[in-house]
Amino acid sequence: MKAPLRVAVTGAAGQIGYSLLFRIASGAMFGPEQPVILQLIEAPIENAMKALEGVAMELDDCAFPLLKGIIMTDDAKVGFNNANWSLLVGAKPRGPGMERADLLKDNGKIFIAQGRIIDEVAAADARVAVVGNPANTNCMIAASQARRLTADRFTAMVRLDQNRAQTQLAKKAGVDLTSVRDIFIYGNHSPTMFPAFAHATINGKPATSVINDSAWLQGPFCETVGKRGAAIIAARGASSAASAANALVDHVRSLVTPGAIHSVAVKSNGAYGFDPNVWAGMPVRTTTPGSYEVIPGYSMDDFAKSKIAATNKELMDERAMVVDMLG
Ligand code: NAD
Ligand code: LMR
Numbered sequence: 546m547k548a549p550l551r552v553a554v555t556g557a558a559g560q561i562g563y564s565l566l567f568r569i570a571s572g573a574m575f576g577p578e579q580p581v582i583l584q585l586i587e588a589p590i591e592n593a594m595k596a597l598e599g600v601a602m603e604l605d606d607c608a609f610p611l612l613k614g615i616i617m618t619d620d621a622k623v624g625f626n627n628a629n630w631s632l633l634v635g636a637k638p639r640g641p642g643m644e645r646a647d648l649l650k651d652n653g654k655i656f657i658a659q660g661r662i663i664d665e666v667a668a669a670d671a672r673v674a675v676v677g678n679p680a681n682t683n684c685m686i687a688a689s690q691a692r693r694l695t696a697d698r699f700t701a702m703v704r705l706d707q708n709r710a711q712t713q714l715a716k717k718a719g720v721d722l723t724s725v726r727d728i729f730i731y732g733n734h735s736p737t738m739f740p741a742f743a744h745a746t747i748n749g750k751p752a753t754s755v756i757n758d759s760a761w762l763q764g765p766f767c768e769t770v771g772k773r774g775a776a777i778i779a780a781r782g783a784s785s786a787a788s789a790a791n792a793l794v795d796h797v798r799s800l801v802t803p804g805a806i807h808s809v810a811v812k813s814n815g816a817y818g819f820d821p822n823v824w825a826g827m828p829v830r831t832t833t834p835g836s837y838e839v840i841p842g843y844s845m846d847d848f849a850k851s852k853i854a855a856t857n858k859e860l861m862d863e864r865a866m867v868v869d870m871l872g
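Letter 238 of the sequence shown, counting from 1, is numbered 783 in my numbering, and no numbers are missing.
Okay, structure coming up:
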C-alpha cells in the first residue's frame, strides 16, 4: 500500500465541496491504488464548521477503503500542513447579473493568506489548484506570496470550460463526445476565454471540416462555452457545482498522469502572446506527476489572435485591479 497523499480542500462544506470530497475519497482523483488523507478547511464561522462535521460523518459512512483520515479545521496552518495537494475552492460564488471579476475584491484577499501559508507549511512536493473565482487571478495572487514554491506549482482550473467545449462540439456534429479530441481553452475563465476549435478533431478529422460552419464556431459555439456558467446560474439559481467538482477531478487526474494533454491555466511564459505576468489557460502536457510543459506552436489565425488578445487584455486588467494584493 502506498503512503497516503494529504489533500487539503478549502470551502469543504460548500456546494462544490459536497460533490468533490466523495470523488477524491473514492479514488477518482488519484487512482484506485492511492490512499488519501483529507484536510478539510472552512471559514472560521460556526455554521460552516458545523456543516463540515456533517459532511465528515457522511464520508465516514461511505466506508471508503482509500480514505485514511479526515482533519477538519478553520485554521489554515493546520489544514495545509504537509499537504501534497491544496485545492482552493473556498470563495464566494457569483450571483445572477455578476461577472466573475466582480468577486475580485472580496475573494482576492483569501488567496493572499492562503498562498503565504501554503508556502510555509505544505509538503516539499506541494501542488496547488485554484477553483475559487476569478480563478486565474486568484491563482496569481496566491502564487505571488510564495518564496519557497515556484510559480509552476500553482495552477487554475479551465477544465470545466474544456469539458463544456468538447460536449458542444460533439452535439453539433452528432457524434459521441469521445470522438472529439484536442479542444483547448486559452486565457481567462470568463466569457473572454477562447476555445480554439481550429485544432480540435472529430474522429481524427479537423472539427472545422466535420462541422463546416465557421459562423457557428466563431459565434454561438464560443459564446455558449464562454457564458455557460451564467446560463447555469440563471437556470439553477446557483453556480455550477457538480460539474465544477468533476472538472477539478479531471484537472488533477490529468496533472498526475504523465503524457496527458489538457487545458490548464498556468503562469504564462509568453507563449501565444500572453503577458508573462498573468495566469492563462493553455494546452499543457503532463511530464511527471504534478509537472507539465506548455505545448507551444499551435498556429493561430487572425480570428484566434484577436480572441487571445482580448482575453489577455482582460487578464492584465484584472492584474492591475489587484496589484496591491501581490506579494
Ligand atoms: P459555496 O458558497 O457553496 O461554498 C464556498 C465555501 O467556501 C463556503 O462553505 C464558505 O464557508 C467557504 N469559505 C469561504 N471563505 C473561506 C476561507 N477563507 N477558507 C476556507 N473556506 C472558505 O460556493 P461553491 O459553489 O462551492 O463555489 C466556490 C467557488 O468556486 C466560487 O468562487 C465559485 O465561483 C467558484 N467556481 C469556480 C469554477 C471554475 O470553473 N473555476 C466553477 C464553479 C465554481
Ligand atoms: C462556472 O463556470 O460555472 C463557474 O465559474 C461559476 C460561475 O460563476 O460561472
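No residue lacks a Cβ here, since even glycine has one placed at the ideal position from N, Cα and C.
Source: prediction; values computed, not measured.
Residue environment analysis places Glu591 among the exposed positions, since fewer than 16 neighbouring C-beta atoms fall within 10 angstroms of its C-beta.
Taken through DSSP and simplified to helix, strand or coil, Ile615 comes out as strand. Distance from the C-beta of Glu644 to the nearest heavy atom of the ligand NAD is not below 7 Å. In this structure, Gln707 and Ile730 form a Cβ contact; the two beta carbons are roughly 5 Å apart against a cut-off of 8 Å.
With a contact defined as Cβ atoms closer than 8 Å, Val703 and Val794 miss out at about 15 Å. Following the DSSP letters along the chain, one finds Ile756 inside the alpha helix (DSSP H) bounded by residues 752 to 756. If you draw a straight line from the Cα of Lys654 to the Cα of Ile747, it is about 42 Å long. For the 8 Å CB-CB criterion, Ala855 and Thr723 do not form a contact. Collapsing the DSSP output to three states places Pro765 in a helix.
In summary, Val868 is exposed, with fewer than 16 beta-carbon neighbours lying within 10 Å of its beta-carbon over all protein chains present. In the displayed model, Leu694 falls within coil according to three-state DSSP, outside both helix and strand. At a cut-off of 3 residues, the continuous stretches assigned as beta strand (DSSP E) that sit fully inside the stretch 601 to 680 are 612 to 618, 630 to 633, 672 to 675. In this structure, Ser564 has its CB at a distance of at least 7 Å from all heavy atoms of the ligand LMR. The C-beta separation of Lys717 from Ile778 comes to about 24 Å, leaving the pair out of contact by the 8 Å criterion. Using a Cβ distance threshold of 8 Å, Ile616 and Val623 count as a contacting pair. Here the alpha carbons of Ala688 and Ser564 stand approximately 26 Å from one another. Take Thr555, set aside five residues on each side of it, and the residues of its chain with a beta-carbon closer than 6 Å to its own are Ile586, Leu633, Val634, Gly635, in chain order. Put simply, of Val676, Gly660, Ser799 the residue whose alpha carbon is nearest the alpha carbon of Arg693 is Gly660. Not one heavy atom of the ligand NAD is found less than 7 Å from the C-beta of Lys595.
Going by DSSP, His807 is part of the beta strand (DSSP E) stretching over 806 to 812. The C-alpha of Ala601 lies about 36 Å from the C-alpha of Glu863. Phe656 is not a Cβ neighbour of Asn678, given a cutoff of 8 Å. From the listed residues Asn857, Pro549, Gln560, the smallest Cα separation to Ser784 is found for Gln560.
In terms of side-chain proximity, the C-beta atom of Pro736 is found no nearer than 7 Å to any non-hydrogen atom of the ligand LMR. Using a cutoff of 7 Å, the CB of Arg551 does not count as near the ligand LMR, since none of the ligand's heavy atoms is closer than that. Membership of Ala701 in the beta strand (DSSP E) is indicated by the continuous run 699 to 701.
Counting other Cβ atoms within 10 Å of its Cβ, Thr832 stays below 16 and is therefore classed as exposed. Remark: the shortest separation between the CB of Gln560 and any heavy atom of the ligand NAD falls under 7 Å. When DSSP states are grouped into helix, strand and coil, Met827 belongs to the strand group.
Out of Leu611, Asp619, Ala741, Arg568, the CA that lies nearest to the CA of Ala593 is found in Asp619.
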